[in-house]
Amino acid sequence: MDEQAQHCFPRIRSHYSQFSEKEKMIADFIIANPEKIIHSTISGVAEDLGIADATVFRFCKRLGFKGYQAMKISLASDLVAPIKDIHETIQEEDSEGVIAQKVFRSNMRSLEDSLGIMKEDTFRQAVQAMLCARRIEFYGTGGSGFIAMDAHHKFLRTGMTINAYNDSHMQLISASQLTEEDVIVFISHSGANKDLLEVLEVAKKNHVTTIGITHFAKSPLSSRIDIPLFTVSQETEYRGEALASRISQLSIVDALYVNIMKKRKDLSKTSLQKIRDAISIKKV
Numbered sequence: 307m308d309e310q311a312q313h314c315f316p317r318i319r320s321h322y323s324q325f326s327e328k329e330k331m332i333a334d335f336i337i338a339n340p341e342k343i344i345h346s347t348i349s350g351v352a353e354d355l356g357i358a359d360a361t362v363f364r365f366c367k368r369l370g371f372k373g374y375q376a377m378k379i380s381l382a383s384d385l386v387a388p389i390k391d392i393h394e395t396i397q398e399e400d401s402e403g404v405i406a407q408k409v410f411r412s413n414m415r416s417l418e419d420s421l422g423i424m425k426e427d428t429f430r431q432a433v434q435a436m437l438c439a440r441r442i443e444f445y446g447t448g449g450s451g452f453i454a455m456d457a458h459h460k461f462l463r464t465g466m467t468i469n470a471y472n473d474s475h476m477q478l479i480s481a482s483q484l485t486e487e488d489v490i491v492f493i494s495h496s497g498a499n500k501d502l503l504e505v506l507e508v509a510k511k512n513h514v515t516t517i518g519i520t521h522f523a524k525s526p527l528s529s530r531i532d533i534p535l536f537t538v539s540q541e542t543e544y545r546g547e548a549l550a551s552r553i554s555q556l557s558i559v560d561a562l563y564v565n566i567m568k569k570r571k572d573l574s575k576t577s578l579q580k581i582r583d584a585i586s587i588k589k590v
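In our numbering, the protein residues as written are 307 to 590.
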């Protein structure tokens with residue numbers, strides 16, 4: 307998807323916690339007055355807020371747009387096909403059913419927002435790198451470690467050489483043995499996990515192709531990996547961003563898996579049949 311034409315609101319939400327006070331003021335103004343923004347000049351917005359034109363311009367760049375005009379185009383796209391605001395705060399009087407609805411809707415929102423910022427060329431690049439890899443490994447720690455293990459479980463069906471590690475020592479050991487023919491998929495919501503960044507340095511020294519599944523906001527991981535794939539999520543009182551992002555992380559893994567299976571159709575069929583035959587003894 308064209309990054310300059312896709313959703314503005316998810317970008318603001320994903321960066322909001324990292325904004326300065328002045329940036330939050332601009333963000334709040336955009337969210338409250340989107341129609342006014344698309345009909346205003348950058349000077350008009352700056353005047354309304356009592357700040358410099360350059361401050362508004364830097365805010366647009368912070369969101370990943372080329373400038374104010376690109377942000378306006380994205381914002382206009384949101385208004386033409388709005389993303390329903392279904393991210394709701396849990397209230398004390400909410401029933402069990404209402405809370406369940408809000409959790410589901412929050413997950414739906416995370417998926418919509420993550421899809422909205424997906425760059426098709428980058429995703430295609432990730433698929434191609436994995437298809438050409440001699441070996442693919444998935445690394446994650448903490449909650450992201452479970453996503454890595456889920457990826458391992460799925461990708462074993464491709465018939466490719468796959469592994470996953472959620473222990474930082476094992477990640478270091480394994481990464482030290484990989485080469486430019488291999489791919490590592492790093493999974494980290496924050497993109498700032500010290501152990502994972504140390505493993506990334508080892509992978510880079512060995513010229514391993516690196517893919518990252520991480521939060522959209524700029525992080526040490528997203529700026530240093532070869533192919534970044536982003537998720538967007540919003541924190542609530544009972545669920546941090548990292549928890550809310552897992553549904554999007556799993557969906558990116560699923561999308562990669564389906565693409566690989568489709569492109570290796572005949573080989574995948576053979577691999578799946580072998581797996582079905584092997585596990586059939588476990589069924590009554």
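Built from N, CA and C at the ideal position, the CB exists for glycine as well.
- Query: What are the boundary residues of the alpha helix (DSSP H) that N469 is part of?
  - Reply: Where N469 is concerned, there is no enclosing alpha helix (DSSP H), although the beta strand (DSSP E) it sits in stretches over I468 to Y471.
- Message: Which same chain residues end up closer than 6 Å to D572 when comparing Cβ atoms and leaving out the 5 residues on each side of it in sequence?
- Response: none
- Message: I'd like the list of long-range same chain contacts for Q344, defined as Cβ closer than 8 Å, with 5 residues on each side in sequence excluded.
- Response: One point to set straight first is that residue 344 is Ile, not Gln, in the sequence displayed. Within the same chain, I344 has close Cβ partners K378, L381, A382 and L385.
- Is it the case that the Cβ atoms of I337 and I318 are separated by a distance below 8 Å? yes
- Item | K367 versus S557, F325, R415 and I468, residue with shortest Cα-Cα distance | F325
- Message: What ranges does the alpha helix (DSSP H) occupy inside the region 307-370, keeping only unbroken runs of at least 4 residues that lie completely in it?
- Response: 315-321, 327-338, 340-344, 348-355 and 359-368
- Check whether I517 and V491 have beta carbons under 8 Å apart: yes
- Item | Where the alpha helix (DSSP H) containing T428 begins and where it ends | E426 to L437
- Message: I'd like the span of the alpha helix (DSSP H) that includes S474, first residue to last.
- Response: S474 to A481
- Query: CA-CA distance, R570 and T520?
  - Reply: 26 Å
- Message: Between which two residues does the beta strand (DSSP E) holding F444 run?
- Response: I442 to G446
- Task: Could you pull out every residue in the same chain whose Cβ sits closer than 7 Å to the Cβ of M466, ignoring the five residues on either side in sequence?
- Result: I442
- Message: Using 8 Å as the cut-off, can you tell me whether the region 414-423 makes contact with the region 446-460, which would need three or more C-beta pairs spanning the two stretches below that distance?
- Response: no
- Message: What does DSSP give as the partner residue(s) for F536 in the beta ladder?
- Response: T520
- Query: For T485, does the three-state DSSP call read helix, strand or coil?
  - Reply: coil
- Determine the extent of the alpha helix (DSSP H) in which H495 is found, giving its start and end residues. Taken as a continuous stretch (DSSP letters only), H495 belongs to no alpha helix (DSSP H), as it is neither H nor E.
- Message: Using a Cβ-Cβ cutoff of less than 6 Å, which residues in the same chain neighbour V433 once the five nearest sequence positions on both sides are dropped?
- Response: N565
- Starting from Q397 and walking both ways along the alpha helix (DSSP H), at which residues does that stretch end? Run containing Q397: none; DSSP gives neither H nor E here.
- Element boundaries [alpha helix (DSSP H), containing K571]: K571 to I585
- Message: What would DSSP say about K589, mapped onto helix, strand or coil?
- Response: coil
- Task: For I531, name the three-state secondary structure that DSSP assigns.
- Result: coil
- Message: I want to know whether the region 494-504 touches the region 468-483 - three or more CB-CB distances under 8 Å.
- Response: yes
- Item | When F461, D427 and D419 are compared against A439, the one with the closest alpha-carbon | F461
- Item | Reduced DSSP category for I423 - H, G, I as helix; E, B as strand; rest coil | coil
- Message: Taking the alpha-carbon of G370 as reference, which of A470, K524 and S323 has the nearest alpha-carbon?
- Response: K524
- Query: What separation, rounded to the nearest whole angstrom, lies between the Cα atoms of K342 and V351?
  - Reply: 9 Å
- Give the DSSP bridge partners of I490, in chain order. E443 and T516
- Message: What does the alpha-carbon distance come out to for the pair F444 and F335?
- Response: 41 Å
- Task: Going by CA-CA distance only, name the one from K328, D560 and E353 that's closest to A457.
- Result: D560
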